[in-house]
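Inspection log for the structure reproduced underneath, given as structure tokens.
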Amino acid sequence: RKSDLIAHQRTHTGERLYKCSQCGKSFRYSSILRDHRSIHTRERAFECGECGKIFRQREHVIRHQRIHTRLRPYECSECGKRFQTSS
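Written as structure tokens, this is what we have:
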């Protein structure tokens, strides 16, 4: 889809079109702004301390944080290669 390409290109340009009316923080994607708003509405939310991404479930933010730490807790019993997730 054309919209996917345009959204992807924002990662290269740094363009952030979606601004929070509560705090002024800007985001590249409307979905991230939507998740961010839960901070202001006191919905139960979990924020990544590294990049600020918001998750609704604690397990999801823990899994996400492996991107930043490069933690790979799952190991293939056949070859020893390690992975971030078990699936």
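In the UniProt record's numbering, the protein residues as written are 1 to 87. Beta carbons: idealized from backbone N, C-alpha and C, even for Gly. The structure displayed is predicted, hence computed values, not measured ones.
- Straight-line measurement puts the Cα of residue 71 at about 20 Å from the Cα of residue 78.
- Beta-carbon to beta-carbon, residue 27 and residue 16 are separated by about 6 Å, close enough to satisfy the 8 Å threshold.
- For residue 15, the secondary structure class from DSSP, reduced to helix, strand or coil, is coil.
- Residue 74 is bridged by DSSP to 83.
- Here residue 64 has 48, 53, 55 as same chain residues with Cβ atoms under 7 Å from its own Cβ, once five neighbours each way along the sequence are excluded.
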